[in-house]
Every structure is written in structure tokens, then in C-alpha cells.
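Asks: Counting from 0, one number per residue, gives the positions in the sequence shown under numbering that gives the first Met the number 0.
Note that beta-carbon positions come from the ideal geometry of N, C-alpha and C, so glycine has one too.
Have a look at this one.
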Amino acid sequence: MGLKSFDFYPKTQDDFRVKTLGGGLISIISLLVILILVLGEFYLYLQVERFDQLYVDTQQERKIPIYINITFPAVSCDALNLDVMDVSGEHHVHLDYHTVYKMRLTLDGKPIIEQQAEQVSDDKPTLDILKPPPGAVKHDLVNNAELDKIRAERAKKVKDPKYCGSCYGSNRDANQCCNTCDDVRESYRRVGWAFSPNEDIEQCYEEILERKMKYSKQEGCNLHGYFLVNKVAGNFHFAPGKSFVRAQQHMHDYTNYEVDHFNTSHIINYLGFGEKIPGLINPLDGTSKIIGYNAETGQRVEGESALFQYFVKVVPTIYEKYGSSNSIITNQYSVTQHSRPKNRLHPNVVPGVFFIYDLSPIMVHITENKKSFVQFLTSLCAIIGGVFTVSALLDRVIYGVEKKMNRNGQSATLLN
Numbered sequence: 000m001g002l003k004s005f006d007f008y009p010k011t012q013d014d015f016r017v018k019t020l021g022g023g024l025i026s027i028i029s030l031l032v033i034l035i036l037v038l039g040e041f042y043l044y045l046q047v048e049r050f051d052q053l054y055v056d057t058q059q060e061r062k063i064p065i066y067i068n069i070t071f072p073a074v075s076c077d078a079l080n081l082d083v084m085d086v087s088g089e090h091h092v093h094l095d096y097h098t099v100y101k102m103r104l105t106l107d108g109k110p111i112i113e114q115q116a117e118q119v120s121d122d123k124p125t126l127d128i129l130k131p132p133p134g135a136v137k138h139d140l141v142n143n144a145e146l147d148k149i150r151a152e153r154a155k156k157v158k159d160p161k162y163c164g165s166c167y168g169s170n171r172d173a174n175q176c177c178n179t180c181d182d183v184r185e186s187y188r189r190v191g192w193a194f195s196p197n198e199d200i201e202q203c204y205e206e207i208l209e210r211k212m213k214y215s216k217q218e219g220c221n222l223h224g225y226f227l228v229n230k231v232a233g234n235f236h237f238a239p240g241k242s243f244v245r246a247q248q249h250m251h252d253y254t255n256y257e258v259d260h261f262n263t264s265h266i267i268n269y270l271g272f273g274e275k276i277p278g279l280i281n282p283l284d285g286t287s288k289i290i291g292y293n294a295e296t297g298q299r300v301e302g303e304s305a306l307f308q309y310f311v312k313v314v315p316t317i318y319e320k321y322g323s324s325n326s327i328i329t330n331q332y333s334v335t336q337h338s339r340p341k342n343r344l345h346p347n348v349v350p351g352v353f354f355i356y357d358l359s360p361i362m363v364h365i366t367e368n369k370k371s372f373v374q375f376l377t378s379l380c381a382i383i384g385g386v387f388t389v390s391a392l393l394d395r396v397i398y399g400v401e402k403k404m405n406r407n408g409q410s411a412t413l414l415n
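What follows is the structure, given as C-alpha cells:
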């Protein structure tokens, strides 16, 4: 006997083999099924799978970079300020340094070259949704000549040794003088009075005109770049007026003119908390908010603005790309939105765009992996073996049924 006794695949002679039409059809179908499954398995072999793991975040020392690209189509860059603050008491007002850039835009969204800035006028094409409605009252714009004249008059008056500006009742000493707007503001603060600069205060008239010039420019602004924040809850925002910090409190000094002319229409081109994860789309990317737009008439409602608030939940994330030994420490986020219009029903709303973020204590660990070549071969063997086994079983069943039917037919013929 020798090795023949260990043969698990006994053979039959060709003379005893029977080939049928049903067996041929099953063989062709089996080959097609094997081909389809093999191609599908090869596609899965080429794909990279992602696996998520959750655990408590213990990394508290690092900073978080926030990448932004936001367009304000109806606010000039001079009037647009970015302020950042957090619960640890750290404040950054008028954030505008080498990692955050402003780009001036026309009302139709085209960049303004500095040398051609003076050529921007109302004759340029603008976004229809930002045009004032027909018959709307156009506010008087402040020009440089008028401002230069007022500056010269103020400088001449202040140089007069006999000049002593009024403190408008806030002076504790009869000899106290308030020669500048800041002097009046500080005098009001000392007696605990609320201060709002207006044209009735002589020392603040120049400042009021400067502010009006910022808001009277028929321009838009794109702000892009990144900045670092502490890994604690906080917010960054765009609001009208002049921001400052006093006694660890973040404050805004604004006029009615600035509030009424701060158009918070905005387009969030990109907002990310850390490096971008390939294939991940941030929930706020591409968000567009155009306030005061009447969809029925296709025109903007004059004098309407809004307060937009985005409540962001930041989830720390570690991303390990397949084939790379370096991991990316970044963040994902989810967001909910809220807005309140400034109109006749809500006259006290101060317009602005606020991003209030908070950190999740749970970290997500994303790893990428793909099947090994050995797993791929194992799957191929399973596919081929499984299909041939099932097809052989079907062929045997069909052949047995046909054989039995033929025998029954022959028996009926003999009886007749």
C-alpha cells in the first residue's frame, strides 16, 4: 500500500465519470461567483480600516492651535477685531499678529490690492443679498479731509496752556481737566459711571469720527491663520467697538453707530482645532450666515443685524496613520448653533459672532490598519474552497434528483 493509503483524494476512472448539462451550468456559475468574490476581497485588501478607542484624556499641559478662515462680506478689516479669552483668565484683545492675517475684499468678494484701495466705490458689483433695499436712506460717510480738519482743531486747542477740558460732572476735583477721550473715560470709571463715547463729548468727537470711518467703508474682510489657546474652556469672538481688559474682565466699548452698522453676515470657510485628519470634514466648514436677507423680495432688510453663537465641544484625538510611525495629536469637534436677531422686537441685542468652546475629558484614539497578505490568501482559499464545496453539493443533489426521475419514468414505461 505505502503512501497510497494516505491519499485523501481518491480518483475515479474517466469511463465512470458522467458529465451533465446541469453540472456545466453550475461550474460556470461557480467560476463567476468566485471571480466576483475574489475581486471584492482584493478591494477590501487595498482599503485601510479605522478603529476607535476611548479613554480618559490625561494630557493637560499642551496648547491647542485653532485654525480659522472666516469671511465677513460686509465688514471692513479696520472694523473687524478678533478677541480670545478663557476661564483661566488669559485674554488676547485685537488678536492680529504674524499668524493671523486680514485680507481686504470688495463687496463681491474679490481681494483688494492695497495700491488700488482708493478705487473701491459703490459702482463696483456687489452681492445682491448685501445691497440695501430700494429707497433706503444712505448714511453719510466720513472722509479723511473732514477728520484731518477736526484733528488739527483739536491739536491747536490742546496746545493752549489755558485749555482745560470738561469731565462732564465726573471730576472729583474742581481743577481736574479731561483733555482727551481717555481722560473722560477714566474719570467716569473712577466714580463708577457707565461711559459710552458720543458726539456730545467734545474730546471724543475725533474718536467717534475715526470709528465711523471704519464702519462706513464699503468693503469686506477675510481673516485667516491660526492662534494658540490653553487647553481649557474659552471663546473667541468678533464684536463691534473697542475691546479692552480691566480688572481681569473682558469689556467692549462701543457706540450706537458701531452696533447699528456691524453686519455679522459671515462665511466659515474652515474652522479646525488642530491638524486636519485626512477624510474628516469639520461640521462648520462651508457654513454661511447672511443676516437680514428676505428670500421673498431678494433684498436685505435695512438696519438688521444678529448675534450668532456657536457652542463647540472639542474632543481630543490621537490619529495614527497606516504606514507612518508618527501620530498626530489633534482635536475633533461637534457644534450647536444659536442666533438672535437685532430688530424692533430685540433692540438690546449686541451683534457679534461668538465661538464658545469646551473640552471633553474623553480622548479618541484613531488607528488605521489593513489586512495582511497572509489574511488575503486565507480569504481567497476560503472563497474558492467554499464555492467549490457548495457547488459540488448542489451538483450532487441535482444529479440525484434527475437520476431518480429517470428511474421512475422507466418503471412507468415497463408497467404499461
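When DSSP labels each residue in this structure, what does LYS197 get in the three-state scheme?
Replies: Residue 197 is actually Asn in this sequence, not Lys. Coil at ASN197, not helix or strand.
Asks: Pull the bridge partners of GLN336 from the DSSP assignment, please.
Replies: Paired residues: TYR309.
Asks: When the distance is taken between beta carbons, is ASN221 closer than 8 Å to LEU104?
Replies: For LEU104 and ASN221, yes; Cβs fall inside 8 Å.
Asks: Which class does ILE266 belong to by DSSP, given the choice of helix, strand or coil?
Replies: ILE266 falls in the strand class under three-state DSSP.
Asks: Please check the pair PHE237 and GLY108, which I expect to be a contact at CB under 8 Å, by giving their CB distance rounded to whole angstroms.
Replies: PHE237 to GLY108, Cβ: 18 Å. No contact.
Asks: For ARG343 versus ALA305, is the C-beta distance shorter than 8 Å?
Replies: No. Outside cutoff.
Asks: Suppose contacts are defined by Cβ-Cβ distances below 8 Å. Is GLY240 in contact with ASP259 by that definition?
Replies: Contact flag unset, no.
Asks: Would you say PHE50 and THR366 are within 8 Å of each other, going by their C-beta atoms?
Replies: In this structure, THR366 lies closer than 8 Å to PHE50 by Cβ.
Asks: What is the DSSP secondary structure of CYS180, counted as helix, strand or coil?
Replies: Helix.
Asks: In the DSSP assignment, what residue or residues form a beta bridge with ARG103?
Replies: According to DSSP, which records beta bridges pairwise, ARG103 is partnered with CYS220.
Asks: Pop quiz: VAL244 and VAL92 are said to be a contact at Cβ under 8 Å. What is the actual Cβ separation, rounded to whole angstroms?
Replies: With 8 Å as the limit, VAL244 and VAL92 qualify as a contact, their Cβ atoms being about 6 Å apart.
Asks: Let me make sure I understand the geometry here. Which of ILE328, HIS265, CYS163 and ARG184 has the alpha-carbon closest to that of ASN174?
Replies: That would be CYS163, whose Cα lies nearest to the Cα of ASN174.
Asks: Is it buried or exposed for PHE354, if we count other Cβ within 10 angstroms and need 16 for buried?
Replies: So PHE354 counts as buried.
Asks: Looking at the secondary structure, which residues open and close the alpha helix (DSSP H) in which LYS211 lies?
Replies: Note, LYS211: alpha helix (DSSP H), 204–215.
Asks: Report yes or no: do three or more beta-carbon pairs, one from the region 259–276 and one from the region 62–70, lie closer than 8 Å?
Replies: With the cut-off at 8 Å, the region 259–276 and the region 62–70 touch.
Asks: For THR57, which residues does DSSP report across the bridge?
Replies: THR57 is not bridged to any residue.
Asks: Give me, in chain order, the residues of the same chain whose beta-carbon lies closer than 8 Å to that of SER359; leave out the 5 immediate sequence neighbours on both sides.
Replies: The answer, listed in chain order, is ASP56, LYS312, VAL313, VAL314 and PRO315.
Asks: Classify CYS203 as buried or exposed, calling it buried when 16 or more other Cβ atoms lie within 10 Å of its own Cβ.
Replies: Classification for CYS203: buried.
Asks: Just to confirm the assignment, what range does the alpha helix (DSSP H) spanning ASP259 have?
Replies: It spans 255–259 - the alpha helix (DSSP H) in which ASP259 sits, taken as one unbroken run.
Asks: Taking just the CA atoms, how far does SER323 sit from ALA73?
Replies: Whole-angstrom Cα-Cα distance: 44 Å.
Asks: Under DSSP, the beta strand (DSSP E) around ASN229 begins and ends at which residues?
Replies: No beta strand (DSSP E) contains ASN229, which DSSP labels as neither H nor E.
Asks: Quick check on this structure: which residue in SER29, ILE25 and MET250 has the alpha carbon closest to the alpha carbon of HIS90?
Replies: The candidate whose alpha carbon is nearest that of HIS90 is MET250.
Asks: In three-state DSSP terms, what is TYR162?
Replies: The answer is coil: DSSP assigns TYR162 none of H, G, I, E or B.
Asks: Hey, would you say ILE382 sits closer than 8 Å to VAL37, going by beta carbons?
Replies: Closer than 8 Å, so yes.
Asks: Between VAL349 and VAL231, is the Cβ-Cβ spacing less than 8 Å?
Replies: Not in contact: VAL349 and VAL231 (Cβ atoms no closer than 8 Å).
Asks: Please classify TYR42 as buried or exposed, where buried requires at least 16 other C-beta atoms within 10 Å of its C-beta.
Replies: It counts as exposed.
Asks: Please confirm whether ASN368 and TYR321 have their CB atoms less than 8 Å apart.
Replies: Yes, the pair counts as a contact, with Cβ atoms nearer than the cut-off.
Asks: Using the rule of at least 16 other Cβ atoms within 10 Å of the residue's Cβ for burial, across every protein chain shown, is TYR187 buried or exposed?
Replies: Buried is the call here.
Asks: Determine the burial state of GLN115: buried for a count of at least 16 other Cβ atoms within 10 Å of its Cβ, exposed for fewer.
Replies: Its pLDDT being 42, under 50, GLN115 is placed unreliably in this model, and the value from its coordinates should be taken loosely. Result: exposed.
Asks: Secondary structure at SER29, three-state DSSP: helix, strand or coil?
Replies: DSSP places SER29 in helix when its eight states are reduced to three.
Asks: Is DSSP giving SER359 helix, strand or coil here?
Replies: SER359: coil per DSSP, three-state reduction.
Asks: Buried or exposed: PHE372, going by 16 or more other Cβ atoms within 10 Å of its Cβ?
Replies: With fewer than 16 Cβ atoms within 10 Å of its Cβ, PHE372 is classed as exposed.
Asks: Drop a sphere of 10 angstroms on the beta-carbon of GLN331, count the other beta-carbons inside from all chains shown, and report buried for 16 or more, exposed for fewer.
Replies: The residue in question, GLN331, is buried, as its Cβ has 16 or more Cβ neighbours within 10 Å.
Asks: For SER242 and TYR44, what's the separation of their Cα atoms in angstroms?
Replies: So the two alpha carbons sit approximately 56 Å from each other.
Asks: What is the C-beta distance between MET416 and TYR167, in whole angstroms, given that I count them as a contact (C-beta under 8 Å)?
Replies: Within the shown structure, residues of the chain are numbered from 0 to 415, placing residue 416 beyond reach of any answer.
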